[in-house]
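Asker: The structure that follows is given in the form of structure tokens.
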Amino acid sequence: MFLSHIWLIPLLPALGATLMFFFGRRLQKSSVSAVCVGVVVLAFLMACGAVWQYTAWSSTAEHLHQPYQTILYTWLGTDTGHLTYATHDGTPASLQADAGFLLDPLSSIWLLFVTGVGMLIHVYSIGYMGHEGGYYRFFGYLNLFMFSMLTLVLANNYALMFVGWEGVGLCSYLLIGFYFHRKSASDAANKAFIVNRIGDAGFLLGMFFIAWYFGSLRFVDVTAAARSGHFAIGDPIITAATLLLFVGACGKSAQLPLYVWLPDAMEGPTPVSALIHAATMVTAGVYMVARSNALFVLAPKSMMVVAVVGALTAIFAASIGLVQNDIKRVLAYSTVSQLGYMFLALGVGAFAAGVFHVFTHAFFKALLFLGAGSVIHAMSGEQDIRNMGDLAGKIPTTFRTMFVATLAIAGIPGLAGFFSKDEILWQAWKYNHYLWAIGFVTALMTAFYMFRLVYLTFYSKPRMSHEVEHHVHESPKSMTWPLVVLAFFSVTAGYLGVSPSLGGSNHFEKFLEPVFANGAETVEAPPAGEEGNRGIEYLLMVLSVAAAGAGWFMASRAYGNADKGFTEPIAAAAPPVYNTLLNKYYVDEGYDYVFTGRRKLGDVRLGTMGLGEASSWFDANIVDGAVNGAGWITRLTATLSSWWDKWIIDGIGVNGPAILARMLSYPARLFEWGLVQWYALVMTAGLVGFVFYYVYH
Amino acid sequence: MYNHILSIILFTPLVGAILLLFVPKDNKEAIRWIANIFAFVGFLVSIPLVPWFWALVQRQDKAPFKFIEGAVNNWIPSIGAGYVLGIDGISFLLIMLTTLLGWVSILSSWTAIENRVKEYYIWFLVLQTGMLGVFMALDFFLFFVFWEAMLVPMYLLIGIWGGPRKLYAAIKFFLYTLAGSVLMLLGILFLYFNHHAVTGVYTFSIQELYKTAPHVPFHYAVWLFFAFFVGFAIKVPMFPFHTWLPDAHVEAPTAGSVILAGVLLKMGTYGFVRFSLPFFPQVLSNPATFLNVTVRGWMIGLSLVAIIYGALVSLMQKDMKKLVAYSSVSHLGFCTLGIFALTPLGLSGSVLQQINHGISTGALFLIVGILYERRHTREIAEYGGISNVMPVYATITMIMFLSSMGLPLLNGFVGEFTILQGTFMENWKWGAWAVPGVVLAAAYLLWLYQRVFFGTVTNPKNEKLHDLTPREVATFVPLIIMAFWIGLYPKPFFQILEQPVSQIVATVRPDYPQPKGAVNAEQQPASPASASATVVVPAAVVPKTAGGKQ
């Protein structure tokens, strides 16, 4: 019953959002929380029920390891199939995208942690946003986000996935710009949406290549066709399609070079950063690549690109994170970096390991953000860790839970991050030692910046003003107990996927096996003897634990006793490096010069706005100039011809002969004046003349 | 009523206009009420068409045109002109759009128009009849009468009730469009005499001309194609014939802009679909090139330029209405792209996008008009922080902006997606070049939204703006409902378009792959490939739930 109604899971939060849209303004805060949190709790319960039923359903012999699909209606296209297009070999296929939902192990995992973490963050928001204006608006957007994210995860085809994909982008835009009075917030919101749209354009094109090649957008059809053996490994169209899909993933999951929006997204309220920009939405790219794993394994070049981009993003973002001072920005760069790890895993063919890291990361990164929110709450809005210090005793629950999360992300053995990160590093080593090396250095950096954050915030000397210090207080229960729950999972989630080398049986990977059926084998190097491998695996494990420990140690030495005006070790050692890192490698500035055109290079504006200015000029002067020119020429010829008509045709041609005739007739007219006296005079003169003639003749 | 439904829809506005002639011009309230009632009745009488047309679609009625009224050559038999009306799925949707937008825009004029109220509403209702006639006429003579007759009211609407540069804009609009129609008239006459030469019959009947026009030899047909092309391209407007549009839009009164963008532009795209494609298939498929590009290539190229270029110019506008006007150029580029993709997908997406554009851009002009009515300026820089003082307005604007930029689950996405897919399948590069338009649409609309609505109110003149009145909200409600309907459940629209679109493609490209019989959704999932692999759709599951809902 849960399983056949999985479409209700996204629809419940949509209902909450709709209610907020129409009635939110008139509702009490308590009713807003009741509705919006209520629907997410219901969705979570339904998700648990559905996954539970699915595991039972898919272990029956009849449906063994099959995905469950349910189709509500045909969304795009018709059922008759008359709206056809020609696929690559000329066979007709029809436009068809269902409003259809699919549950398999992969979507189960996302479904559970999205609703679970989402539920906790909703609860946390009750406390965090309690004193803010636009309470109903905030919860309405959060509900809308849950709807979009769950649609993304449960969609049974690329087009519907794209609905969720753009939907989460919209909610991200709305929530980043929640404090829309601030220019920085609305700037960040626009940046997030537009950068994501660039990725979405890639997604769209990738999707079209898939439709053109496979004649369907349904995941089951595409996966089955890709695994049918009809397509060669390295097929150029599949390579293009997967690369374009990965462009989409780069946008949504903040990978190089489209990561720039995520750090700015921290303008949004902290629960938003936790939910959207750490735990759920930004992992959509990972989900999409994992969902398309059957395609990616056919395109080794794309896999390599994914791995390299992931690794580079990991180390690039981690290095920026080393020196950032805003508590949320440190975490934002950490998120970018961890997402890089996930893509590294996907790229080397370790899909399950990548997904496992998404799963564990969701808990500890959400916890870190919520903890940061609690710290900011306690610090009366202060976000600069240089102005914090010695908070451990004053906000103990926040401190303890955040410390657990830090241990988890740093990869300290026994906690969730250790298991997932180690799996990734091990798989990377098997693929390419350099990629492992990058991941290893990143691990060291991760431990350093996380413990830097912990020491500067919770230990060291208090550096805040007395007023702020006086106000420091632990957050309300609705905010702390989600922290505790998340802390619990930050420790335990890793035990679902303990690798065999550590005596576990990796339930997580087994669970996902049907999805990645022929994923791993094709790309991984063949195992060169279990025993030798085990040795290296243990060695690498020890090394990465050592790196984590070293990072911790260095951070404690550098910041353990930091007082007001403390010096950054990197700034002391190499100021240019420090400045470059502090200014994030000047990437934003570069983009503004080259791509957006918001900054002028001298007098020249490049980028989109430069093109826009040039086009506007062209339009006003050339295109419209031609139209006005045509009008002007028409008027000129009209003036000329009216002149010609008046002076030449009418003047010389018509009036000319008339004047001539009048002039010629003048002498004759002398005799015909019509003046009676004149006639009398002439008559008299004539008479006199005649008389004289006859008299004197 | 069933047999004369088209005439009833066509002449209801005109009856209203004639009735208004007898109302004293000082009685403004009465004039407004009568005009609004007739506009609404005009919409109401078009409603029965929906179930009736739908019944024909369900029955898979094979006749290309339905609800035919009148007979060939019955009007002026001596020259072969007839009063023949008839519609197919394409014109059906455009007619419904016209009656809806006509009602909405007349409702929106209530407080905006204070001078010469009587003349305004009379001309508006006349315009409405003219536009409806264009979409219904199945006789070229009748078509041309409506096509030209509709210019005059629009010219007067811009020229009398327009902004500061109204005369320039009105004359530019009139002359530019007229220049195009003259060439089209020549084309019509050629086809008319050609028909006589072939069959010995003089007739303007479009359905008769369909039979002879495609056989005109290429070296004539290409010129004919361009004669029609110029007429339609100016109307759409396609790049580079678009510069009358921003001027006309900026100067026109709000309701005029709504109708101009919502319906008038569609007459150009409608012309392409109804005439250019079925009349001159061999021109579009001919490999002959001009400057190394085929005729079809030129059409696609101009559409792509319009998409990108319109968006870029839009981005840099300082006047809100001009920004929306240039965004129309970009959106109409998608429509023409879909048409000349010459695929069922591209064509149906294009028609759907024409409807979508009418809804979204119509709403955008209403939105600009509401601020203009309050502040009498359209300069973006004059605004900022409006969402603080007008929250309902800000929300509605956001929804319509999202619809215009093609956000899924709203109408714009369905059209754009279908067009892009249809185009991409013809040539992936065409699709790839169009996609940046989607990104730029987000950029110019969101940037506009940020500058007008976000931030704090910095201009003291904006502090006291009052939010939407119930009447103003009422103008948006039908548009928002349509936007969500098309976004969430576009299937009926596709079903209506399926038949005319397949017929056009079958005419233009007889070799285009046709579906092998009707394929039903229930049978689809069991594709041969999925049967062998480990991941199988359980056939028993899909029909159960799918069947239950449909």
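Each protein sequence line maps, in turn, to chains A and B. 1 is the number of the first residue of the first sequence in the working numbering; add one for each residue after it. 698 is the number of the first residue of the second sequence in the working numbering; add one for each residue after it. Idealized CB from N, CA, C, for every residue including glycine.
(1) Using a 10 Å radius around the Cβ and a threshold of 16 neighbouring Cβ atoms, would you call A/S337 buried or exposed?
(2) Find the residues of chain A that neighbour B/K1188, judging by a C-beta separation of less than 9 Å, and give them in chain order.
(3) When you compare only the Cα positions, how much space is there between A/H5 and A/G16?
(4) Are at least three pairs of beta-carbons, each pair with one atom in the segment 956-976 of chain B and one in the segment 1000-1018 of chain B, less than 8 Å apart?
(5) Determine the burial state of A/A547: buried for a count of at least 16 other Cβ atoms within 10 Å of its Cβ, exposed for fewer.
(6) For B/S692 versus B/G1055, is the C-beta distance shorter than 7 Å?
(7) Which chain A residues are close to B/P1105, counting only those with a beta carbon under 7 Å from its beta carbon?
(8) Going by DSSP, what residue range makes up the beta strand (DSSP E) through B/K763?
(9) Taking beta-carbon pairs under 7 Å, can you tell me which members of the segment 464-487 of chain A lie near chain B?
(10) So with Cβ pairs under 7 Å, would you call B/Y1006 a contact of chain A?
(11) Run through chain B and tell me which residues come within less than 8 Å of A/Y586, C-beta to C-beta.
(12) What are the start and end residues of the beta strand (DSSP E) that includes A/Q96?
(13) At a Cβ cut of 7 Å, what residues of the segment 982-1011 of chain B count as close to chain A, listed as they run along the chain?
(14) Could you give the distance in angstroms between the alpha-carbon of B/L1194 and the alpha-carbon of A/W429?
(15) Can you pull the chain B neighbours of A/Y141, defined as C-beta to C-beta under 8 Å?
(16) Report the rounded CA-to-CA distance for A/V153 versus B/A952, giving the unit in angstroms.
(17) Take A/H471 and list the residues in its own chain whose beta-carbon comes closer than 6 Å to its own, dropping the five residues that flank it on each side.
(18) Under the three-state reduction of DSSP, which class applies to A/K600: helix, strand or coil?
(19) Should A/L425 be labelled buried (16 or more other beta-carbon atoms within 10 Å of its own) or exposed?
(20) Following the continuous beta strand (DSSP E) through A/W75, name the residue where it begins and the one where it ends.
(21) Suppose you measure from the CA of A/S642 to the CA of B/E1079; what does that come to, to the nearest Å?
(22) Taking only beta carbons into account, state which residues of the segment 1131-1151 of chain B come closer than 8 Å to chain A, listed in chain order.
(23) Tell me the DSSP secondary structure of B/F938 in three-state form.
(24) Starting from the beta carbon of B/G1252, find every residue of chain A whose beta carbon is closer than 9 Å, and list them in chain order.
(25) So, for B/V754: in the same chain, excluding its five sequence neighbours on each side, which residues have a beta-carbon less than 6 Å away from its beta-carbon?
(26) From this set, B/S954, B/I997, B/M1087, which residue's C-alpha is nearest B/S1025's C-alpha?
(27) Comparing alpha-carbon positions, which option in B/F1121, B/P911, B/V801, B/A1139 lies nearest A/Y85?
(28) Using a Cβ-Cβ distance under 7 Å, would A/E423 count as near chain B?
(29) Tell me which residues share the same chain as B/V1135 and place their Cβ nearer than 7 Å to its Cβ, disregarding the 5 neighbours each side in the sequence.
(30) What does B/P937 touch in chain A if you count any residue whose Cβ is under 7 Å from its own?
(31) Return helix, strand or coil for A/A680, following the three-state DSSP convention.
(32) What is the residue span of the beta strand (DSSP E) that B/I784 lies within?
(33) Sorted by chain position, which residues of the same chain lie with C-beta nearer than 8 Å to B/W1144's C-beta, five sequence neighbours on each side aside?
(34) Tell me whether A/Y259 sits in a helix, a strand or coil according to DSSP, three-state version.
(35) Rounded to whole angstroms, what is the Cα-Cα separation between A/G206 and B/G928?
(36) Just the chain A side, please: which residues come within less than 7 Å of B/E649 by C-beta, in chain order?
Answerer: The short version:
(1) buried
(2) Y73, T74, W75, L76, G77, T78, D79
(3) 18 Å
(4) no
(5) Buried, since its Cβ has 16 or more Cβ neighbours within 10 Å.
(6) Outside the displayed span of chain B (698 to 1247) sits residue 692 of chain B, for which this structure offers no information.
(7) Here the neighbours are F162, V163, E166, G167.
(8) 763-766
(9) none
(10) yes
(11) Simply none; closest approach about 23 Å.
(12) 96-103
(13) Y1006, L1009, V1010
(14) Whole-angstrom Cα-Cα distance: 56 Å.
(15) Near A/Y141 there are no residues of chain B at all, since even the closest Cβ is about 12 Å away, more than 8 Å.
(16) 43 Å
(17) Answer for A/H471: S380, listed in chain order.
(18) strand
(19) buried
(20) 68-77
(21) 46 Å
(22) V1132, P1133, V1135, V1136, L1137, A1139, A1140, L1143, W1144, Q1147, F1150, F1151
(23) coil
(24) Residue 1252 of chain B cannot be examined here, being either before or after the span of chain B that is shown, 698 to 1247.
(25) Q1192, I1193
(26) When only C-alpha atoms are compared, the closest one is B/S954.
(27) B/F1121
(28) no
(29) G1103, E1113
(30) V623
(31) In the structure shown, A/A680 adopts helical secondary structure according to DSSP, grouped into three states.
(32) 782-784
(33) L1012
(34) When DSSP states are grouped into helix, strand and coil, A/Y259 belongs to the coil group.
(35) 37 Å
(36) The displayed coordinates of chain B run from 698 to 1247. Any statement about residue 649 of chain B would go beyond what the structure contains.
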